[in-house]
Amino acid sequence: MIIKSFELNKIDLDNKHFFLLYGENQGHKNELIEKKFKKNLKNIYNYDESEIINNEENFFSNILSKSFFEEKKLIIVTRASDKIKDIVEEIIEKKIGDLTIVLNASI
9 MIIKSFELNK IDLDNKHFFL LYGENQGHKN ELIEKKFKKN LKNIYNYDES
59 EIINNEENFF SNILSKSFFE EKKLIIVTRA SDKIKDIVEE IIEKKIGDLT
109 IVLNASI
């Protein structure tokens, strides 16, 4: 489903776990991430796509490990491209309920 940025208020973001933000306006995308996704979350992890691809094992151990005090995790992947597709599909198959992933891509 494609949703324009002005339509984000119409949907419940808490029930969704994967988001793709794309386009040229990096400032607007960063503002959306701050206002919509980072609110009330303490466990926020920022990755560059190349970090995930180069060290996939470390990435999976981070998202699959759960601390007693952690509730939800937010993973923000910058400079995302189609190279990360297989990794995202693997995460979807694992059905991790307390994880939200935001893929921040260019055009």
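Heads up: the sequence shown runs through residues 9 to 115, numbered per the numbering used here. In this text, a Cβ means the ideal position worked out from N, Cα and C, and glycines have one as well. Please read all numbers here as calculations on a predicted model, not as lab measurements.
- Runs of beta strand (DSSP E) with 3 or more residues, each lying fully within the segment 41-81, are found at 51-56, listed in chain order.
- For V110, DSSP records a beta bridge to F27, I84.
- About 14 angstroms separates the CB atoms of I83 and I61; that is not less than 8 angstroms, and the two are not in contact.
- Apart from sequence neighbours up to five positions away, the residues of its chain that approach F45 with a beta-carbon distance below 8 angstroms are L21, F27, L82, I84, T108, V110, ordered along the chain.
- With fewer than 16 other Cβ atoms from the protein chains shown falling within 10 Å of its own Cβ, I115 counts as exposed.
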